[in-house]
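Peer 1: Each residue of the sequence shown is one higher than the last, beginning at 359 in the numbering used here.
Ideal Cβ placement from N, Cα and C applies to all residues, glycine included.
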Amino acid sequence: MIPFLRQIAAVTTMNLKSVPSRLGTSLVIVIGIAGVVGVMTALLSMAAGFKATLASTGRADRVIILRGGANDELSSVLYREQGRIVLEMPGIRKGADGAPLASAELYMLTDVVKKSSGGASNVIVRGVARNVWQLRPEARIVAGRDLEPGRREVLVGRAAQSQFAGLEIGDAVEVRDGPWQVVGVFEAEGGSHESEIWVDVDTLHGAIPRQGYTGVTAQLEDARAETFQAFKDRLTTDPRLTVQVQREPEYYASRSQALSNFINGLGYTVTIIMAIGAVFGALNTMYAAVSTRTIEIATLRALGFGGAPVVVSVLIEALLLALAGGLIGAALAYGVFNGYSVSTLNFQTFSQTAFAFRVTPELLAQGVSGAVLIGMLGGLFPAVRAARLPIVNALRAA
């Protein structure tokens, strides 16, 4: 075993020492694989960031009540009487004033100009109750002031303000029946609500010909599964209602599924295509490297070195070059894209959602592992060819 390892070390050392003389061809592997890993990590970090933004929205002790059969808030309708019944249902936590911590809300879309493209995009307008800050304690005003009932005023999420024009304090944004003034900016711990515009629900009711709500968000007495199930059973068995009840995190996570799957599918498709090119690049490079060292390898074989150490040493060289490319690609993806903020159309809500790319440790490990696999595939056949070099013919060619 020790002589075998010594042979591997000797041949590998010889191979690595010759890399500077083959720097141009060696860089083909490094740059090609860096590109594969960088593109894959960037695309998948987009999906991870989008999914994390929606999945982080909500709490386990909060529920969303929509019309039975509705796909989302946009397609849901609850009449005022139904909203009142839900708000009075046992199981909802009471606030300091004794009122239920629940908000019957209106959900609609409005056109706002996107900063990056200058085109109009759909942004969510959410009519909220006065107790929204108790119901959603993760949300807080960070600039300006709160809404005043009866006035055409809006609060804008921090993410929406960063992505869309005309959402600075003092600006007027078209909601319904004329312009509404921006009076404040809020944050919500990076959740999807930061991509929304909030208005007073009663004021919004007065501006549009709709007398009902799109849904009710309520905080339960606790987050236990039994509490949720009991509350859900009360609502779904009440003959006055036809509703569906979901925990808030589950609802928002489901809103990210279609786009996340699309981005992941696109990411892996592009990666596979690029990886095939990188494998062929590695094959050509390693074949060329073996060809330039034919005499050295044949000499070592004539001195008693086995074929296996030659195979292993060529593979080690290919793996090291691939690993270097993987690490470079991962570092570039992390440095350029991690935290980069964008907004995109959510297919399931027909609205823009602002989010930040998330280059996670799992994505980095996945990228580097893919690079090593490409190096293994690209180095295997040249390594076998090197081990099978006819010793006599190679020495005669010298």
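(1) Would you kindly work out how many angstroms separate the C-alpha atoms of residue 529 and residue 513, rounded to a whole number?
(2) Can you tell me the Cα-Cα spacing of residue 691 and residue 622, whole angstroms?
(3) Compute the distance between the beta-carbons of residue 502 and residue 471, then report whether it is under 9 Å.
(4) In its own chain, which residues sit with a C-beta less than 6 Å from the C-beta of residue 716, not counting the 5 before and 5 after it?
(5) Counting only runs that start and end within the segment 374–449, where is the alpha helix (DSSP H) found for 4 or more residues in a row?
(6) Using C-beta distances below 8 Å, list every residue in its chain close to residue 443, excluding the 5 sequence neighbours before and after it, in chain order.
(7) Taking the straight line between their C-alpha atoms, what separation do you get for residue 493 and residue 386?
(8) Residues in its own chain within less than 8 Å of residue 593 by CB, not counting five upstream and five downstream?
(9) Since I believe residue 714 is in contact with residue 697 (beta carbons under 8 Å), could you give me their beta-carbon distance rounded to a whole number of angstroms?
(10) Around the Cβ of residue 740, are there at least 16 other Cβ atoms within 10 angstroms (buried) or fewer (exposed)?
(11) Tell me which same chain residues have a C-beta within less than 6 Å of the C-beta of residue 641, skipping the five on either side of it?
(12) Taking DSSP as the reference, what is the three-state secondary structure of residue 756?
(13) Reducing DSSP to helix, strand and coil, say where residue 465 ends up.
(14) Rounded to whole angstroms, what is the Cα-Cα separation between residue 505 and residue 481?
(15) What residues in its chain sit with their C-beta under 6 Å from that of residue 562, if we drop five residues either side in the sequence?
(16) Comparing C-alpha positions only, which one of 479, 672, 591 sits nearest to residue 518?
(17) Quick check on this structure: which residue in 378, 400, 635 has the alpha carbon closest to the alpha carbon of residue 720?
(18) Taking all protein chains shown into account, decide if residue 631 is buried (16 or more other Cβ within 10 angstroms of its Cβ) or exposed.
(19) Tell me whether residue 590 is buried or exposed, calling it buried when 16 or more other Cβ atoms sit within 10 Å of its Cβ.
Peer 2: In short, the structure shows the following:
(1) Your numbering for residue 529 matches position 171 in the sequence shown. Your numbering for residue 513 matches position 155 in the sequence shown. Cα-Cα distance, rounded: 11 Å.
(2) The residue you call residue 691 lines up with position 333 of the sequence shown. The residue you call residue 622 lines up with position 264 of the sequence shown. Whole-angstrom Cα-Cα distance: 16 Å.
(3) Mapped onto the sequence shown, residue 502 falls at position 144. Mapped onto the sequence shown, residue 471 falls at position 113. Their beta carbons are not under 9 Å apart, which means residue 502 does not touch residue 471 by this criterion.
(4) Start at 1 with the first residue of the sequence shown, and residue 716 comes out as number 358. Hits under 6 Å: 403, 406, 407, 410.
(5) Fully contained in the segment 374–449 are the following alpha helix (DSSP H) runs of length 4 or more, in chain order: 381–413, 438–445.
(6) The residue given as residue 443 occupies position 85 in the sequence shown. Same-chain partners within the cutoff: 596, 598, 599.
(7) For the purposes of this step, residue 493 is identified with residue 135 of the sequence shown, where counting begins at 1. For the purposes of this step, residue 386 is identified with residue 28 of the sequence shown, where counting begins at 1. About 57 Å.
(8) Stepping through the sequence shown from its first residue, residue 593 is reached at position 235. Contacts found: 423, 444, 447, 599, 601, 603.
(9) Here residue 697 is taken as the residue at index 339 of the sequence shown, counted from 1. Here residue 714 is taken as the residue at index 356 of the sequence shown, counted from 1. Confirmed, Cβ separation roughly 5 Å.
(10) Reading the sequence shown from its first residue, position 382 is the one you call residue 740. Buried.
(11) Here residue 641 refers to the residue found at position 283 of the sequence shown. Cβ contact annotation for residue 641 (same chain, cutoff 6 Å, sequence separation greater than five): 736, in chain order.
(12) Your numbering for residue 756 matches position 398 in the sequence shown. Confidence is the limiting factor: at residue 756 the pLDDT is only 49, short of 50, which leaves the residue's position unreliable and the question unanswerable from this model.
(13) Stepping through the sequence shown from its first residue, residue 465 is reached at position 107. Strand, per DSSP.
(14) On the sequence shown, position 147 is the one that residue 505 refers to. On the sequence shown, position 123 is the one that residue 481 refers to. Distance between the alpha carbons of residue 505 and residue 481: 19 Å.
(15) Along the sequence shown, read from residue 1 onward, the residue named residue 562 stands at position 204. Hits under 6 Å: 464, 485.
(16) For the purposes of this step, residue 518 is identified with residue 160 of the sequence shown, where counting begins at 1. Just measuring C-alpha positions, the residue of 479, 672, 591 sitting nearest residue 518 is 479.
(17) The count along the sequence shown starts at 1 and reaches residue 720 at position 362. Minimum Cα distance to residue 720 is reached at 400.
(18) Sequence index remark: in the sequence shown, residue 631 carries index 273 (1-based). With a 10 Å radius around the Cβ and a threshold of 16 neighbouring Cβ atoms, residue 631 comes out exposed.
(19) Residue mapping note: residue 590 aligns to position 232 of the sequence shown, counting from 1. Burial state of residue 590 is buried, judged by a 10 Å Cβ sphere holding 16 or more other Cβ atoms.
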